[in-house]
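Heads up: the structure comes next, in structure tokens.
2 protein chains.
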Amino acid sequence: ADINAGKAKAAVCASCHGADGHAAIPTYPHLAGQNAAYLEAALKAYKAGQRTSPQAAIMKSMAMPLSDDDIKNLAAYYSSLK
Amino acid sequence: ADINAGKAKAAVCASCHGADGHAAIPTYPHLAGQNAAYLEAALKAYKAGQRTSPQAAIMKSMAMPLSDDDIKNLAAYYSSLK
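Keeping their order, the protein sequence lines are chains P and G.
Heads up: the first sequence begins at 1 in my numbering, then just goes up one per residue.
Heads up: the second sequence begins at 83 in my numbering, then just goes up one per residue.
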């Protein structure tokens, strides 16, 4: 996985999850330091429509355009943050 | 929310999410320090069947017996960990 490519893709994530992966809005999760394999599985679940709460609709639309490589890179990037 | 009650309920969570909320298995998320409101929403989504990936089936069965108070207490407990 390419952490720098993930960082570039993450610009759009920052408004909810924080520039450093620490979400200021309490209904959103922190991502910094999270296990990369979990982040990858979560993004794929959103993309596949396997998370269907009203809040999940936001993440489905964010995940839809991501390739498997994008997802791996984003997961590696957030996992690398503290 | 009652952090000590959450801690008592969390015994069954530790095998996957770690005794201190740090998951040793990379496909499972760390919970320590996560935003409580997000943890509460996630547990309610699992309970309501709004997360439907194969892996989510585990969490659905864990969340089913939890009351709203249990969920609030668990979320407060894990959010309080570092």
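Beta carbons: idealized from backbone N, C-alpha and C, even for Gly.
- Contact check for A76 of chain P and G6 of chain P: beta-carbon distance about 5 Å, within the 8 Å limit, so the pair qualifies.
- Separation of the CB atoms of N117 of chain G and A23 of chain P is rounded to 6 Å, and the pair is thereby assigned contact status at 8 Å.
- In this structure, the CA atom of S135 of chain G is about 18 Å from the CA atom of L121 of chain G.
- Along the segment 38 to 82 of chain P, the alpha helix (DSSP H) occurs as fully enclosed runs of 4 or more residues at 56 to 63, 68 to 80, listed in sequence order.
- For S135 of chain G, the nearest beta carbon of chain P is closer than 8 Å to its own beta carbon.
- Taking each of P:Y78, P:L74, P:Y46, P:L81 in turn and checking the Cα distance to M64 of chain P, the smallest one comes out for P:Y46.
- The beta-carbon of H99 of chain G is placed no less than 8 Å from the nearest beta-carbon of chain P.
- Residues A145, I153 of the same chain have their beta carbon placed closer than 6 Å to that of L125 of chain G, with the five preceding and five following residues left out of the count.
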